[in-house]
Amino acid sequence: MTTILVATVKGGSGKTTISTNLAAALASSGESVLLADLDRQRSSTEWLGRRPADAAPIQGAEWMKELGRPPADVAFTIIDAPAALKTKQIEDVVAMADHIIVPVVPSIIDEAATLRFLAKLDDIGSVSKGRKAVGLVGNRMRAGTRSSDRLAEFMTKTGHRPIARIRDAQAYLDVVEAGLGIFDRPGSRYATLKEDWWPLLEFARYG
Ligand SMILES: Nc1ncnc2c1ncn2[C@@H]1O[C@H](COP(=O)(O)OP(=O)(O)O)[C@@H](O)[C@H]1O
Ligand SMILES: [Mg+2]
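Counting with my numbering, you get residues 16 to 222 for the letters of the sequence shown.
Written as structure tokens, this is what we have:
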């Protein structure tokens, strides 16, 4: 079983978007997936509630009050973290995780907050000793904008791996409403967006 934590200290950076799309991508490739919601806002739990009965099944868990345990038959657990995590909570949830995905959107304010979060992760022995992979994902990227270019450059300088760039697209808002991810959808509009996800899926599987 592989556990992937999606976390950072900023709200609105794409934790839930990445968690739900990753869950949908793995489920649609036949994996047994648990989506564990740590956020009192319950965004990924509500997304699961909207998920159509004929979509690839994903199990849900609400771990806001305390961390649970994934059932034995689950191949991938994806943990959607809230923005506000105390140091102890970060330690506990990192202890459960095999790989950690840290999303960041193009904004100098978010870059600074990301550095503080990465420093907290580095305080944890399993992370600083390299036993857990930390992957940075640039989210809501827009080609040719100064802020996206700066974020791409920032991602090469944190000491952690830049793994993917997810573009800013209306399609993400459309699928989230329907309880779906882009990997639940066929068609050329989605094929282009899926390209952004291949390295992220590789990281989720193998670190
Ligand atoms: N790549 C993207 N393209 C377009 N909209 C996005 C993208 N990623 C996130 N969003 C939107 O930005 C908002 C915040 O994203 P969300 O995943 O909820 O962040 P978090 O869980 O970190 O608070 C949501 O409305 C979401 O639909
Ligand atoms: Mg969220």
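Even glycine gets a Cβ: it sits at the ideal position worked out from N, Cα and C.
- Straight-line spacing of the CA atoms in Ala158 and Phe132 works out to 26 Å.
- By the C-beta criterion, the stretch 115-124 is judged to be in contact with the stretch 22-35, since at least 3 inter-stretch pairs fall below 8 Å.
- Exclusion of the five residues before and after Ala184 leaves Leu208 as the residues of its chain whose Cβ lies within less than 8 Å of its Cβ.
- Taking 7 Å as the cut-off, the C-beta of Asp183 counts as close to a heavy atom of ligand 1.
- Burial check for Asp125: the Cβ neighbour count within 10 Å reaches 16 or more, so the residue is buried.
- Rounded to whole angstroms, the gap between the alpha carbons of Arg65 and Gly194 is 5 Å.
- For Glu210, there is no enclosing beta strand (DSSP E); the residue is part of the alpha helix (DSSP H) that begins and ends at Ser203 to Glu210.
- In this structure the stretch 185-192 does not lie against the stretch 159-171, because fewer than three pairs of beta carbons, one per stretch, are closer than 8 Å.
- Around the Cβ of Arg84, a 10 Å sphere holds fewer than 16 other Cβ atoms; the residue is exposed.
- Put simply, the stretch 47-63 touches the stretch 82-102. At least three CB pairs are less than 8 Å apart.
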